[in-house]
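All remarks here apply to the structure that follows.
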Amino acid sequence: MSGLQIVFLIVAVVTLFSGVMVVASRKMMHSALWLILTLLGVAILFATLQAGFFAIVQVLVYIGAISILIIFTLMLTRRVMDDEHPQVIKGWWLPAVMAVILFGLIAGFLATWEDFQVMLNELPADAENLAAFGSALVNPAGYVIPFEVASVLLLAALVGAIYIAVERKEKVG
Amino acid sequence: MIPLSWYLIAAAALFCIGLFGVLSRKNAVSILMSVELMLNAVNINLLAFWHYHTQLQGAGQITPQVFVAMVFIVAAAEVAVGLALIISAYRRRETPVVDEMTLLKG
Amino acid sequence: MSFWRDPIIFIIEWAKGLLAGIGWGPGWATIVGFVIGAFVLAAGAMFFVVFLIWYERKLIGRLQDRFGPNRLGPWGLFQPIADMLKIFTKELITPSGVDWIAYNLAPVLSVAAVLMMWAVTPFSKTFFGVNISVGILFLIAVGGLGEVGIILAGWGSNNKYALVGALRAVAQLCSYEVPFVISALVPVMLTGSMSLVDIVEAQNPWYILVAPAAALVFFIASVAETGRAPFDLAEAESEIVAGYNVEYSGLKFGMFFVGEFLHAFTASFIFVTVFLGGWRGPGADQIPVLGLVYFMIKTFIVYFALILFRGTNPRFRIDQMMDLNWKVLTPLSLVVIMVIALVDRLFASSADWLRTVILLAANLAILVVAERLIRRGVKTTRPEVGSRERPVASPDNLFIQPGSGAKG
Amino acid sequence: MLNDWLYVGVFALVSMFLPAAAISIAALLSPKKPNSIKNATYECGMEPVGPAWAQMKVQYYVFTLIFLVFDVEAVLLFPWAVAYKQLPLYAVVEAILFILILLGGLLYAWRKGALEWL
Chain A
10 MSGLQIVFLI VAVVTLFSGV MVVASRKMMH SALWLILTLL GVAILFATLQ AGFFAIVQVL
70 VYIGAISILI IFTLMLTRRV MDDEHPQVIK GWWLPAVMAV ILFGLIAGFL ATWEDFQVML
130 NELPADAENL AAFGSALVNP AGYVIPFEVA SVLLLAALVG AIYIAVERKE KVG
Chain V
1256 MIPLSWYLIA AAALFCIGLF GVLSRKNAVS ILMSVELMLN AVNINLLAFW HYHTQLQGAG
1316 QITPQVFVAM VFIVAAAEVA VGLALIISAY RRRETPVVDE MTLLKG
Chain G
6 MSFWRDPIIF IIEWAKGLLA GIGWGPGWAT IVGFVIGAFV LAAGAMFFVV FLIWYERKLI
66 GRLQDRFGPN RLGPWGLFQP IADMLKIFTK ELITPSGVDW IAYNLAPVLS VAAVLMMWAV
126 TPFSKTFFGV NISVGILFLI AVGGLGEVGI ILAGWGSNNK YALVGALRAV AQLCSYEVPF
186 VISALVPVML TGSMSLVDIV EAQNPWYILV APAAALVFFI ASVAETGRAP FDLAEAESEI
246 VAGYNVEYSG LKFGMFFVGE FLHAFTASFI FVTVFLGGWR GPGADQIPVL GLVYFMIKTF
306 IVYFALILFR GTNPRFRIDQ MMDLNWKVLT PLSLVVIMVI ALVDRLFASS ADWLRTVILL
366 AANLAILVVA ERLIRRGVKT TRPEVGSRER PVASPDNLFI QPGSGAKG
Chain Y
207 MLNDWLYVGV FALVSMFLPA AAISIAALLS PKKPNSIKNA TYECGMEPVG PAWAQMKVQY
267 YVFTLIFLVF DVEAVLLFPW AVAYKQLPLY AVVEAILFIL ILLGGLLYAW RKGALEWL
């Protein structure tokens, strides 16, 4: 077993464990902090895949922005008594069984694929060609439509979220 | 040199954990957090296959990268609007718990 | 002779040879080399803080017409060491009801987030931790980890004031990250690479001469990112008790300050790396150790500017600070990006010096227009002193004070 | 390539370890005399009132939200900036269009008054 595999196993176990803690912990705030650890683990997995750009983007966007937004929302919507009650529904075992069955199905289905056990070798240093990625994003033969639509989507999200979140002052009475 | 299967299994497990969270948690914010877990699992898969295809066909596999970037954007938009909705609903109903956000029940 | 040209690399090569001589395989030698290298660099950074604290106190003292530390050692140079010894032996009070992990992780994380920026910065042509292809994005992402540390501190210490302080700090840091990220796009665009090593090597001339508007936005945003005066809203003692670190004592409290001092210095050398040509200077290509000297000189000049900025400006109000960010810096940085992209593309075929001059002119034009717009936009409704009846205690009847109370 | 990331990981661990070690040493050196008054949370010298939970304003959320949107936008622009040297004019114009659309979002937030700190 190579050093990289040991690193992978440690990171994967930590990631999955903290993923379980995200859905299992009773305090919402703990759940959010475990989420940060999960996201960090996923970022390290990206780095072991030699997708350095996305590993950093994962830290930047998910940990630096999305999880902070989630924590802020938790603080906005928190009720004092919240952390005492169980956070899952009464029949929680049913989703658990479903998730386990789904995992079994996916794993079993994937195992029938012939390349399933293929080794991922170390890529040459220029494999993650950001220049090619960047020019494909604005190339009409490439992905310029998703690129522009992404900006419209972000605009729509911004406008919609501000419209919903900012209180309208005239509705006081 | 890690087998592709390890990544796929880890991603599947993370996805199922997220699915369990979506189905079983009461609080709307933690449902969104579970959705984030599922999206992350998808991204692990996409990048694992990016690595796999780069290994097979050489550098310049753009499509998986574009997919991952779009997943990031969609996640950001989803979180922004979703959390705004939760805040708005909380302001009216004083609860972040999904089961208590019943408008149509008599 | 090669030792004097580049002592650091010489020592590293020597240590590598030593490790190989013991008979370790290349894999283990690499890892051990990494650990030792990281250890030396990070520990060096942390001891450097002692000197930074002295430098800053001395300068701030002079700015405020005081002497600063001047008793212990020559020019008070040993004062921070004494302070450090004192803070090591102070009691670490853990308040009741804290979240143990969050409470103790926060100071560690706030230092680590800054230290990690040292891993990717090129200090000279040959001396840098690592040259990753996404260096500049790494700096920004690591800064985001510091925000997580602040949230942990505010929430973990089970105190309302700490929580409010943390929320304010994070809102500020998040906001100023936007112009920071967007203005960091300019050097990436001009270089065609995100690696800091490439950015330094491509700076011919320095980017501050090519894009002064972007450099200005970057500088202000990075000062705000460090959370120091005049942007020290998070620890405004007069408004919220002390911000997110109110419940910390002893060295845990000190760690936040180590992080802050280190961040100020780090911010200045990041500015140097990105806009002031890093280690570049006459002869630095041939003799790398000269590059390190240039780098330090430039960094201390920028750091001096930072302290001057701190010492001469009053603290912003939070609404002014948010206005400055969202209504000035963010639109400005977006406009700068668009104009530079367009101008640079239109004049791509012309000579380098001509393009540089045109870019410089475009940047200065943006700054002038922005200045005019800001002047017009800012409402100067400053109430004139003495124009209005002020409640004063009337001397003839001590019990009736006309115009006092809520009306005043 | 992977070695670079290994170094980053090692550096991250070391830079977590150093402050942690310093704090541990300080914890060993420093006196420990806790009492309940000393350990009470600090509220300007008064007795702490109620749980440590402050109702925060929606303002924080709105600023973080705008930050998130612009952060994602900038991240998407970084590969474009790397490729910028090789791009033709229309590609640059497309990116400018991308920025303009989001600038529209900023203007909306401005007009809506979401950028005012109340």
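If you read the protein sequences in the order shown, they are chains A, V, G and Y. Numbered by our numbering, the letters in the first sequence go through residues 10 to 182 in order. Numbered by our numbering, the letters in the second sequence go through residues 1256 to 1361 in order. Numbered by our numbering, the letters in the third sequence go through residues 6 to 413 in order. Numbered by our numbering, the letters in the fourth sequence go through residues 207 to 324 in order. In this text, a Cβ means the ideal position worked out from N, Cα and C, and glycines have one as well.
**OP:** Could you check what DSSP says for VAL97 of chain A in three-state terms: helix, strand or coil?
**Re:** Position 88 of the first sequence, counted from the first residue, corresponds to residue 97 of chain A. VAL97 of chain A: strand per DSSP, three-state reduction.
Subject >> Nearest-angstrom beta carbon gap, ILE272 of chain Y and LEU85 of chain A [assumed within contact, 8 Å] >> reply: The sequence position of residue 85 of chain A within the first sequence is 76, counting from 1. The sequence position of residue 272 of chain Y within the fourth sequence is 66, counting from 1. No, LEU85 of chain A and ILE272 of chain Y are not in contact; Cβ-Cβ is about 16 Å, not under 8 Å.
Subject >> GLN177 of chain G - containing alpha helix (DSSP H), residue span >> reply: Position 172 of the third sequence, counted from the start, is the residue given in the question as residue 177 of chain G. Start and end: 165–196.
Subject >> Partner residues on chain Y for LEU364 of chain G, Cβ-Cβ distance less than 9 Å >> reply: Sequence index remark: in the third sequence, residue 364 of chain G carries index 359 (1-based). Residues of chain Y passing the Cβ test: none, with the nearest at roughly 13 Å.
**OP:** List the residues of chain A that ARG1280 of chain V touches, going by C-beta distances under 7 Å, in chain order.
**Re:** Along the second sequence, one-based indexing puts residue 1280 of chain V at 25. Correct list: VAL32, GLN96, VAL97.
Original post:
Which residues in the same chain as ASP88 of chain G place their Cβ atom closer than 8 Å to its Cβ, once the five residues preceding and following it in sequence are excluded?
Top reply: Within the third sequence, residue 88 of chain G is the residue found at index 83, counting from 1. Contacts found: ILE58.
Subject >> Inter-residue spacing [alpha-carbon to alpha-carbon] between THR270 of chain Y and VAL175 of chain G >> reply: As a working mapping, residue 270 of chain Y is identified with position 64 in the fourth sequence. As a working mapping, residue 175 of chain G is identified with position 170 in the third sequence. Cα to Cα, the separation comes out at about 9 Å.
Original post:
Pairing CB atoms from the stretch 275–285 of chain Y with CB atoms from the stretch 139–155 of chain A, are three or more of them under 8 Å?
Top reply: yes
Original post:
What residues of chain V sit near ALA150 of chain A, judged by a beta carbon separation below 7 Å?
Top reply: Counting from one through the first sequence, the residue named residue 150 of chain A turns up at place 141. Within chain V, no residue comes near ALA150 of chain A; the closest Cβ sits about 11 Å away, beyond 7 Å.
Original post:
For ALA227 of chain Y, which option in G:LYS257, G:GLY382, G:ASP290, G:ASN318 has the closest C-alpha, if you only look at C-alpha atoms?
Top reply: Residue 227 of chain Y sits at position 21 when you count from the first residue of the fourth sequence. It is G:LYS257.
Original post:
Mapping DSSP to helix, strand and coil, what is VAL1352 of chain V?
Top reply: For the purposes of this step, residue 1352 of chain V is taken as the residue at position 97 of the second sequence. Residue state, collapsed to three classes: strand.
Original post:
Using a C-beta cutoff of 9 Å, does PHE217 of chain Y count as contacting chain A?
Top reply: Indexing the fourth sequence from 1 puts residue 217 of chain Y at position 11. False, the Cβ-Cβ gap to chain A never drops below 9 Å.
Original post:
Under a Cβ-count criterion, where at least 16 other Cβ atoms within 10 Å of its own Cβ denotes burial, should CYS1271 of chain V be classed as buried or exposed?
Top reply: Counting from 1 along the second sequence, the entry for residue 1271 of chain V is found at position 16. Per the 10 Å Cβ criterion, buried.
Subject >> CA-to-CA distance, THR24 of chain A to ALA1265 of chain V, given in whole angstroms >> reply: On the second sequence, residue 1265 of chain V is found 10 positions in, with the first residue counted as 1. On the first sequence, residue 24 of chain A is found 15 positions in, with the first residue counted as 1. If you take the alpha carbons of ALA1265 of chain V and THR24 of chain A, they lie about 9 Å apart.
Original post:
Should GLY288 of chain G be labelled buried (16 or more other beta-carbon atoms within 10 Å of its own) or exposed?
Top reply: As a working note, residue 288 of chain G is residue 283 in the third sequence. With fewer than 16 Cβ atoms within 10 Å of its Cβ, GLY288 of chain G is classed as exposed.
**OP:** Report the neighbours of VAL153 of chain A on chain Y: residues whose CB is nearer than 7 Å to its CB, in chain order.
**Re:** Here residue 153 of chain A refers to the residue found at position 144 when the first sequence is read from its first residue. Neighbours of VAL153 of chain A on chain Y, chain order: GLU300.
Subject >> Which of helix, strand or coil DSSP assigns to ARG1280 of chain V >> reply: The residue given as residue 1280 of chain V occupies position 25 in the second sequence. Strand.
**OP:** Using only alpha-carbon positions, find the residue among G:PHE276, G:PHE321, G:GLU96, G:GLN291 that is nearest to PHE300 of chain G.
**Re:** Indexing the third sequence from 1 puts residue 300 of chain G at position 295. Nearest option by C-alpha distance: G:PHE276.
Original post:
So is VAL20 of chain A buried or exposed if we call it buried at 16+ other beta carbons inside 10 Å?
Top reply: As a first step, residue 20 of chain A must be located in the first sequence, where it is residue number 11. Under this definition VAL20 of chain A is a buried residue.
Original post:
Would the beta-carbon of ALA375 of chain G fall within 9 Å of that of PHE280 of chain G?
Top reply: Within the third sequence, the letter at position 370 stands for residue 375 of chain G. Within the third sequence, the letter at position 275 stands for residue 280 of chain G. It is not a contact, given that the beta carbons lie outside the stated cut-off.
Original post:
Is DSSP giving MET90 of chain A helix, strand or coil here?
Top reply: Counted from its first residue, the first sequence places residue 90 of chain A at position 81. Here MET90 of chain A scores only 44 on pLDDT, less than 50, and its place in the model is too uncertain to base an answer on.
Original post:
Which residue spans inside the stretch 117–158 of chain A form an unbroken alpha helix (DSSP H) run of at least 4?
Top reply: 139–146
Original post:
What is the C-beta distance between ALA171 of chain G and ALA158 of chain G, in whole angstroms, given that I count them as a contact (C-beta under 8 Å)?
Top reply: The sequence position of residue 171 of chain G within the third sequence is 166, counting from 1. The sequence position of residue 158 of chain G within the third sequence is 153, counting from 1. Contact holds; Cβ gap of about 6 Å.
Subject >> LYS303 of chain G classed as buried or exposed, judged by whether at least 16 other C-beta atoms fall within 10 angstroms >> reply: Here residue 303 of chain G corresponds to residue number 298 of the third sequence, with the count starting at 1. By the 10 Å Cβ count, LYS303 of chain G comes out buried.
Original post:
What is the DSSP secondary structure of ILE243 of chain Y, counted as helix, strand or coil?
Top reply: The residue you call residue 243 of chain Y lines up with position 37 of the fourth sequence. It is coil, neither helix nor strand.
**OP:** Assuming ASN163 of chain G contacts GLY102 of chain G (C-beta within less than 8 Å), just tell me the rounded distance between them.
**Re:** Translated into the one-based positions of the third sequence, residue 163 of chain G becomes position 158. Translated into the one-based positions of the third sequence, residue 102 of chain G becomes position 97. Yes, they are in contact, since the Cβ atoms of ASN163 of chain G and GLY102 of chain G sit about 4 Å apart, within 8 Å.
Original post:
Are there 16 or more other CB atoms within 10 angstroms of the CB of ILE171 of chain A, so buried, or fewer, so exposed?
Top reply: Position 162 of the first sequence, counted from the start, is the residue given in the question as residue 171 of chain A. Classification of ILE171 of chain A: buried, given that the 10 Å Cβ count is 16 or more.
Original post:
What did DSSP end up calling PHE128 of chain G once you bin it into helix, strand or coil?
Top reply: On the third sequence, residue 128 of chain G is found 123 positions in, with the first residue counted as 1. Looking at PHE128 of chain G - three-state DSSP - the assignment turns out to be coil, as it is neither helix nor strand.
Original post:
Beta carbon of LEU274 of chain Y, beta carbon of LEU78 of chain A: below 9 Å?
Top reply: Taking the fourth sequence and counting its residues from 1, one reaches residue 274 of chain Y at position 68. Taking the first sequence and counting its residues from 1, one reaches residue 78 of chain A at position 69. Taking 9 Å as the Cβ cut-off, LEU274 of chain Y and LEU78 of chain A qualify as a contacting pair.
Subject >> Residue range of the alpha helix (DSSP H) that includes ILE75 of chain A >> reply: Along the first sequence, one-based indexing puts residue 75 of chain A at 66. Run containing ILE75 of chain A: none; DSSP gives neither H nor E here.
Subject >> Straight-line Cα distance separating GLU230 of chain G from PHE63 of chain A >> reply: Position 54 of the first sequence, counted from the start, is the residue given in the question as residue 63 of chain A. Position 225 of the third sequence, counted from the start, is the residue given in the question as residue 230 of chain G. For PHE63 of chain A and GLU230 of chain G, the distance between alpha carbons rounds to 23 Å.
Subject >> Closer than 7 Å at the beta carbon, the chain A residues around GLY149 of chain G >> reply: Here residue 149 of chain G refers to the residue found at position 144 when the third sequence is read from its first residue. Going along chain A in sequence order, the residues near GLY149 of chain G (Cβ under 7 Å) are VAL68, LEU69, ILE72, GLY73.
**OP:** Could you tell me the boundaries of the alpha helix (DSSP H) in which ARG350 of chain G lies?
**Re:** In the third sequence, counting from the first residue as 1, residue 350 of chain G sits at position 345. Its alpha helix (DSSP H) spans residues 335–351.
**OP:** Would you identify the three-state DSSP class for PHE83 of chain G, choosing helix, strand or coil?
**Re:** Start at 1 with the first residue of the third sequence, and residue 83 of chain G comes out as number 78. If DSSP states are grouped into helix, strand and coil, PHE83 of chain G belongs with coil.
Original post:
CA-CA distance, CYS179 of chain G and PHE156 of chain A?
Top reply: Here residue 179 of chain G corresponds to residue number 174 of the third sequence, with the count starting at 1. Here residue 156 of chain A corresponds to residue number 147 of the first sequence, with the count starting at 1. Cα-Cα distance, rounded: 24 Å.
Original post:
Given a threshold of 16 other Cβ atoms within 10 Å of its Cβ, counted over all protein chains shown, does PRO112 of chain G qualify as buried or as exposed?
Top reply: Within the third sequence, the letter at position 107 stands for residue 112 of chain G. So PRO112 of chain G ends up on the buried side.
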